[in-house]
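K.L.:
Numbering (our numbering), first residue to last: 5 to 290.
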C-alpha cells in the first residue's frame, strides 16, 4: 500500500477533545486519514499524536496549514504538517569507518530510505573510501585538528545552509560536535553510538568489552545535544555475546547492530515518527 502524502505530528498538555477537534478539522478540509497513533504520557501529562493523511479534495496543503494554526493555538499545540511527496534533504558525515554510510546509501538507492542526500562530509580524504560508490554525490574533505575545530565546523554549518539540508547524520563521524554546532542542529542531527553495559569510552570499545567478558553488545541512535552521547534516544538494539567470541567477532557484530539501528532511526525521523518529549522521545514505530 502506498504511503500517505502528508503527516501531522503534534504535542501538548493533555486535555479532552484534542483528537476529536484535530480529526474533525482534517475531515472538513478534505483529508483522508490513513494512519493515526497517539500517546498519553501519564508522567508528564503531555499528549502526542501522529496522523498520516491524503488530501482528496477541498483545501490545499498551504491553506490547510494556515487554518490549522488557529486550532493549534486553542489547544496549545506544538505541531508540524509535512509533505512526504518531497524527500528530506540529508547531509551525511563520516570518518574512517564507512559501514554505516555504505548501508544508508544502499538503502537510499533501493528506495527504502526516502531522502535526498545533499553530500558527504569527511575529515578523511576520498581515497579512504575507494571501495564505495558515491554515485556522483558531492564529497567534501574537511580535515580537522584541535586548532582548526571551529573553522572546520563553520564549514560544516555553511554546507548545511548552502545545501538546505534538513537532517544531518553522523554515520560514524568520530568527531565531537561543539556545543554551538550541536545547538544549531538541535532536533535534526542523529548520531550512532556503541552502547555497552558497562559503558566503554575511548579507543577500541569492543576490545574493552571483550576483556570484561560482556554478554551483550548494542548500539544507540540518538539526537545530538551539547551533552556528549546523552541526547534523546531514538532507537537501540542488542546482540548476545558468548565466551567464545573474539574481539574481531564483537567488531563484526557491532557493525551489524550499528547499521540497522542507525537506518531505523533515520527512517523514523524521515517519516516523522519521532517527537521530542523533554530528554526522551516518543517513537511511533511502523
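The beta carbon of each residue, even a glycine, is placed where N, CA and C say it ideally should be. Computed from a predicted model, the values in this text were never measured in an experiment.
1) Just the C-alpha distance for residue 176 and residue 125, rounded to the nearest angstrom, thanks.
2) Give the straight-line distance between the Cα atoms of residue 45 and residue 76, rounded to the nearest whole angstrom.
3) Could you tell me which residues DSSP pairs with residue 144 in its beta bridges?
4) Going by the CB atoms, is the gap between residue 258 and residue 197 shorter than 9 Å?
5) With DSSP as the reference, please indicate the residues paired to residue 244 in a beta bridge.
6) Counting only runs of 3+ residues fully inside the stretch 26 to 54, write out the beta strand (DSSP E) ranges in chain order.
7) Within 10 angstroms of the Cβ of residue 85, are there 16 or more other Cβ atoms? Answer buried if so, exposed if not.
8) From the DSSP output, read off the bridge partner residues of residue 4.
9) Classify residue 247 as buried or exposed, calling it buried when 16 or more other Cβ atoms lie within 10 Å of its own Cβ.
10) Kindly list the residues whose CB is nearer than 8 Å to the CB of residue 193, restricted to its own chain and excluding five residues on each side of it in sequence; keep chain order.
11) If you check the beta carbons only, do residue 150 and residue 274 fall under 9 Å apart?
12) Is it buried or exposed, residue 270, if we count other Cβ atoms within 10 angstroms and call 16 or more buried?
13) Would you check if the stretch 153 to 160 and the stretch 114 to 122 touch, i.e. whether three or more CB-CB distances between them fall below 8 Å?
14) Which residue marks the beginning of the alpha helix (DSSP H) containing residue 65, and which one marks its end?
15) What does DSSP give as the partner residue(s) for residue 1 in the beta ladder?
16) Compute the Euclidean distance between the alpha carbons of residue 221 and residue 242, then round it to the nearest angstrom.
17) Take the Cβ of residue 213 as the centre, count every other Cβ of all protein chains shown within 10 Å, and call the residue buried at 16 or more, exposed below.
18) Rounding to the nearest angstrom, what Cα-Cα distance links residue 87 and residue 16 in this structure?
19) Tell me the DSSP secondary structure of residue 260 in three-state form.
20) Check the DSSP bridge columns for residue 16 and list the partner residues they point to.
P.N.:
Based on what the coordinates show:
1) 11 Å
2) Approximately 19 Å between the Cα atoms of the pair.
3) 125
4) With contacts defined by Cβ atoms closer than 9 Å, residue 197 and residue 258 do not form a contacting pair.
5) 220
6) Within the stretch 26 to 54, the complete beta strand (DSSP E) runs of at least 3 residues are 35 to 45.
7) buried
8) The question about residue 4 has no answer, for the chain in this structure spans 5 to 290.
9) exposed
10) Same-chain partners within the cutoff: 171, 172, 173, 174, 181, 186, 227, 228.
11) No, Cβ-Cβ distance for residue 150 and residue 274 is not below 9 Å.
12) Residue 270 is classed as buried because its beta carbon has at least 16 other beta carbons within 10 Å across all chains shown.
13) Cβ pair count under 8 Å is below three, so no.
14) 65 to 79
15) The requested residue 1 is not part of the displayed model; the chain covers only 5 to 290.
16) Distance between residue 221 and residue 242, taken at the CA atoms: about 5 Å.
17) buried
18) Going from the Cα of residue 87 to the Cα of residue 16 covers about 22 Å.
19) helix
20) 51
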